[in-house]
Amino acid sequence: MKKVDESPLHQTNPNQTTRAQHKRLGDTPRLAFTVDEVSTISALGRTTLYSKIGSGELRARKCGKKTLILAEDLRQFLSDLETVQPSSGFAKE
1010 MKKVDESPLH QTNPNQTTRA QHKRLGDTPR LAFTVDEVST ISALGRTTLY SKIGSGELRA
1070 RKCGKKTLIL AEDLRQFLSD LETVQPSSGF AKE
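In terms of the numbering used here, the sequence shown opens at residue 1010 and continues consecutively.
In structure tokens, the structure reads:
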């Protein structure tokens, strides 16, 4: 009878990420987002995002078929958007 710790299922691979490591990685700020994720967190539609990427207003990277937007590029894009100027009819108190 084999001991549990000798079972191939219980052997650890030094290249594998453990759950504890994943938890620690969860504390790290995200470096990049997919277009769907950016759409969710920015309230901008996918079509708008792809249009902004196509026009060069929003930088994106490709990794295989996946389109990624770096967090710093998203922040820059949002910061560069036109600021709404208050008008008498826009902001009501």
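Note that beta-carbon positions come from the ideal geometry of N, C-alpha and C, so glycine has one too.
With a CB to CB cut of under 8 Å and the five nearest residues on each side skipped, what residues in its chain are close to residue 1075? Sequence index remark: in the sequence shown, residue 1075 carries index 66 (1-based). If the five residues before and after residue 1075 are omitted, its C-beta is found closer than 8 Å to the C-beta atoms of 1043, all from its own chain and listed in chain order.
Would you please verify whether the beta carbon of residue 1044 is less than 7 Å from any beta carbon of chain D? Absence of chain D from the displayed structure is noted, only one protein chain being present.
Residue 1074 in three-state terms, based on DSSP: To locate residue 1074, count along the sequence shown from 1; it is residue 65. Shown here, residue 1074 sits in coil according to DSSP, grouped into three states, outside any helix or strand.
Could you tell me whether the Cβ atoms of residue 1086 and residue 1058 are closer together than 7 Å? Here residue 1086 is taken as the residue at index 77 of the sequence shown, counted from 1. Here residue 1058 is taken as the residue at index 49 of the sequence shown, counted from 1. No, these two residues do not count as a Cβ contact at 7 Å.
Enumerate, from N- to C-terminal direction, the unbroken alpha helix (DSSP H) stretches of 4 or more residues contained entirely within the segment 1043 to 1097. Whole alpha helix (DSSP H) segments, 4+ residues: 1044 to 1051, 1055 to 1064 and 1080 to 1089.
Please return the same chain residues whose Cβ sits closer than 6 Å to the Cβ of residue 1078, not counting the five positions on each side in sequence. Locating residue 1078 in the sequence shown gives position 69, where the first residue counts as 1. Answer for residue 1078: 1042, 1047 and 1069, listed in chain order.
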